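Q:
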Amino acid sequence: MTVLVILFVLGVLTGVAVAVTLSLFAGRRVIGADGRPGRRRGPGRIVLGLIGLAVVALLLAVEGGWFYANAKFDEIDRVDVDVDGDSVLAGSDGGTNYLLIGTDNREGVDGNRADSILILRTGDGPARLMSIPRDLVVPRPDLGGERARINAAYNSGPVNLIRTVQESVGIPIDRYIEINFVSFADLVDALGGVTINFPTPAIDEGSGLNVQEAGDVELDGEQALAYVRSRKYQEVIDGVPQPTSGSDLDRIVRQQVFLREVLGKAGSSRNPLHLARIGNALVGGLKIDNHMELFDALVFAWNMGQLDPVQTELPVSDAGDGATVVLAPEAEGVIADFAT
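Numbering (the numbering used here), first residue to last: 411 to 750.
1) To test your reading of the DSSP string, which unbroken alpha helix (DSSP H) runs of 4 or more residues are found completely within the region 595-635?
2) Can you grab the Cα-Cα spacing for the pair Pro609 / Glu615, in whole Å?
3) Using a threshold of 8 Å, state whether the C-beta atoms of Val547 and Ala563 are closer than that.
4) Helix, strand or coil for Pro568 per DSSP?
5) Report yes or no: do the region 575-587 and the region 497-511 share at least 3 C-beta pairs separated by less than 8 Å?
6) In chain order, what residues of the same chain lie with their CB nearer than 8 Å to the CB of Asp596, ignoring the 5 residues before and after it?
7) Report the CB separation of Gln644 from Ile613 in whole angstroms; it is logged as a contact under 8 Å.
8) Report yes if the CB atom of Glu623 is closer than 8 Å to the CB atom of Thr605, and no otherwise.
9) If you follow the alpha helix (DSSP H) that Gly743 is part of, which residue opens it and which one closes it?
10) With distances taken from CA atoms, which of Lys642, Ser541, Pro739 and Gly505 is nearest Gln652?
11) In the structure shown, what three-state DSSP assignment does Leu669 receive?
12) I want to check one thing, is the minimum distance from the CB of Gly554 to the heavy atoms of the ligand SAH below 7 Å?
13) Can you check which of these residues, Gly567, Arg544 and Ile542, is closest to Leu553 by C-alpha distance?
14) Just curious, the beta strand (DSSP E) that Ile529 is in, first and last residue?
15) By the 10 Å Cβ neighbour count, where 16 or more other Cβ atoms means buried, how is Val726 classified, buried or exposed?
16) Whose C-beta lies closer than 7 Å to the C-beta of Asp728 among residues of the same chain, with five residues either side of it excluded?
17) Just to confirm the assignment, what range does the beta strand (DSSP E) spanning Gln576 have?
18) Alpha carbon to alpha carbon, what distance is there between Ala707 and Asn607?
19) Quick one, are the C-beta atoms of Val489 and Glu577 less than 8 Å apart?
20) Provide the residue span of the beta strand (DSSP E) that contains Leu696, from first to last.
21) Please state the DSSP three-state secondary structure of Tyr478.
22) Mark Ile529 as exposed unless 16 or more other C-beta atoms lie within 10 angstroms of its C-beta, in which case mark it buried.
23) Could you name the residues that DSSP lists as bridge partners for Leu724?
24) Identify which residue in Asp492, Leu724 and Asp626 has its Cα closest to the Cα of Val663.
25) Gly512 by DSSP, collapsed to three states: which one?
26) Comparing alpha-carbon positions, which option in Pro549, Ser593 and Val646 lies nearest Leu635?
27) Under 7 Å Cβ to Cβ from Ser497, same chain only, skipping five residues before and after it: list those, please.
28) Can you tell me whether Leu539 is buried or exposed, with buried defined as 16 or more other CB within 10 angstroms of its CB?
29) What are the boundary residues of the beta strand (DSSP E) that includes Arg641?
30) Helix, strand or coil: how does DSSP classify Arg585 here?
31) Closest to Asp731 by C-alpha separation, out of Val569, Arg661, Ala741 and Asp545, would be which residue?
32) Give me the residue from Ala481, Val493 and Arg531 with the minimum Cα distance to Ile745.
33) From Gly580 to Asp487, what distance separates their C-alpha atoms?
34) Since Pro611 and Val646 should fall inside the 8 Å C-beta cutoff, what is the C-beta to C-beta distance between them, to a whole number of angstroms?
35) To the nearest angstrom, report how far apart Gly442 and Tyr478 are at their CA atoms.
36) Find the nearest neighbour of Glu703 within the set Lys482, Asp503, Leu468 and Leu619, judged by alpha-carbon distance.
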């Protein structure tokens, strides 16, 4: 509905601008000395007419760009978040909570893989970005309250994951966005690379990561994918590879950095040709909830280009089995910040 209203307004403005411009170039009706009607076109009218032409061209460009953006937006896959005709998205009272799911559907692996579960909070002060560990154990609504890994909720479908985040973690969700890391490699190439800061050179033979220098390094699509996939990340210190903790939390931080940088760079572009390439690359790598409109998506893209989200850590503690974690008592305050 928002899109139709905007297109209607643009159409009306274009029509008015065309009518005014034609009137200016036609000139003012006058009666000549011989009594015959005629038109007078002074320099002022010509200048105003040229300005009118520029306005018409601008409006047509905006309208054409909007039609193109809407056509691309319609190509993005939708995720049905309705149950019995009603959306499961609860929505927050203050800001806007985006549930961002990073998936890695690599060749030869069956099923869905939610490699990262992130919540971006905007609209009520500084933007915040928080990761939810995949191995967090919480009561699962789809299992009748049985405790299980939150990551497994995604394997049962996005609706189950949304409900789990809302009911068991306690954070209401406004928008759902799913990002395929494999397809995002194409987006990185469309952006001309993405810059990641490395404290030291780094390698991972398993993922193919091979960064030979420290500092800000521009990664292409292939190396960016190797960076977010890295499970055996090693820092190269004095020429010797040193294993890091290899924890799921470390990998989540890397994926968080990647998403912030690539979405920020995509959202900050204003070049129409560049935006067209970005749009083509984005279409294959995104899924969004079926209630999101183009205007919502543009707000999200604009925010990602302007924001530098504060990294927020969700406090967790070991569940006692060395493989899973549970919410720590300190998590209550962090969750409240995202829930109100």
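Cβ coordinates follow ideal geometry from the N, Cα and C atoms, glycine included. Since this is a predicted model, take the numbers as computed values, not measurements.
A: Inspection of the coordinates gives the following:
1) none
2) 19 Å
3) no
4) helix
5) yes
6) Gly631, Ala691, Gly694 and Gly695
7) 5 Å
8) no
9) Ala741 to Ala749
10) Lys642
11) helix
12) As far as ligands go, the structure on display features none, and thus does not contain the ligand SAH.
13) Gly567
14) Ala524 to Thr532
15) buried
16) Val735
17) No beta strand (DSSP E) contains Gln576, which DSSP labels as neither H nor E.
18) 28 Å
19) no
20) Leu696 to Asp699
21) helix
22) buried
23) Its beta-bridge partners do not exist; DSSP assigns none.
24) Leu724
25) strand
26) Ser593
27) Val491 and His701
28) buried
29) It is not in any beta strand (DSSP E) - Arg641 carries neither H nor E in the DSSP assignment.
30) strand
31) Asp545
32) Arg531
33) 27 Å
34) 4 Å
35) Confidence in Gly442 is poor, its pLDDT being 48 and thus under 50, which makes the residue's placement too unreliable to answer from.
36) Lys482
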